[in-house]
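Please read the structure below before turning to the comments.
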Amino acid sequence: MSVKVGIIMGSQSDWPTMKLAANILDELGVAYETKIVSAHRTPDRLWAYGKTAAERGLKVIIAGAGGAAHLPGMMASKTRVPVVGVPVQTRALSGVDSLYSIVQMPKGFPVATMAIGEAGAANAGLMAAGILATADDALAERLDAWRDALAASIPDEPTDG
Ligand code: RP5
């Protein structure tokens, strides 16, 4: 199975959040790679990753970072491969800093920005799967089944306790 999704993050400390994206891709049978790529600490690694992403066959890049979260936007500036941004929750500013750093991209270089934190990471996995499913009928069926199962798990009425 060729790797079509790259999950990148600014730090090892982002992994507990970004793992939620990986878990979704595992559930849906989508191959991915994971890398630590920091916009500030390893800018040459960022450049090399972005420069080769399309030719290596990546179809979606999920990029998570916290604080001055420049990784998703810088990656979007370096590759045409769609970038899904995950604002990692921070201690100082609860991830609002991350969100604002990722979401306000200038015209021409979009980042599909998810919610702050774990829900955003999980949704990034689902977003990547949805993009790939437009050209993969078997994955589309698995994604539909995943969504049906989630809907079926929601009770009709609330209960005490
Ligand atoms: C960002 O700074 C990373 O994405 C991470 O969210 C944050 C803190 O990184 P560490 O100091 O924990 O390595 O670049």
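Residue numbers (the numbering used here): 253 to 413. We put the CB at the ideal spot given by N, CA and C, even for glycine. Fair warning: this is a prediction, and the values are worked out from it, not measured in the lab.
Item                                                                                                                         : Value
Every unbroken alpha helix (DSSP H) within the stretch 333-413, with a cutoff of 4 residues, ordered by chain                : 348-355, 370-385 and 389-404
Ligand 1 site residues, beta-carbon cut 5 Å against heavy atoms                                                              : Gly262, Ser263, Ser265, Asp266, Ala317, Gly318, Gly319 and Val340
Alpha-carbon spacing of Leu395 relative to Asp296, whole angstroms                                                           : 36 Å
Chain-order list of residues whose beta-carbon lies under 7 Å from that of Thr342 (same chain, five-residue window excluded) : Gly318, Gly319, Asp349 and Ser350
C-alpha distance - Trp299 paired with Lys330, whole-angstrom precision                                                       : 7 Å
Residue(s) in a DSSP beta bridge with Val257                                                                                 : Tyr284 and Val312
Nonlocal neighbours in the same chain, by C-beta distance under 6 Å from Met379, ignoring five residues either side          : Val336
Bridge-paired residues (DSSP) for Ala317                                                                                     : Pro339
Short Cβ contact (8 Å threshold) for Asp388 with Gly316                                                                      : no
Residue from His322, Arg332, Ile368 and Thr286 with nearest C-alpha to Gly360                                                : Arg332
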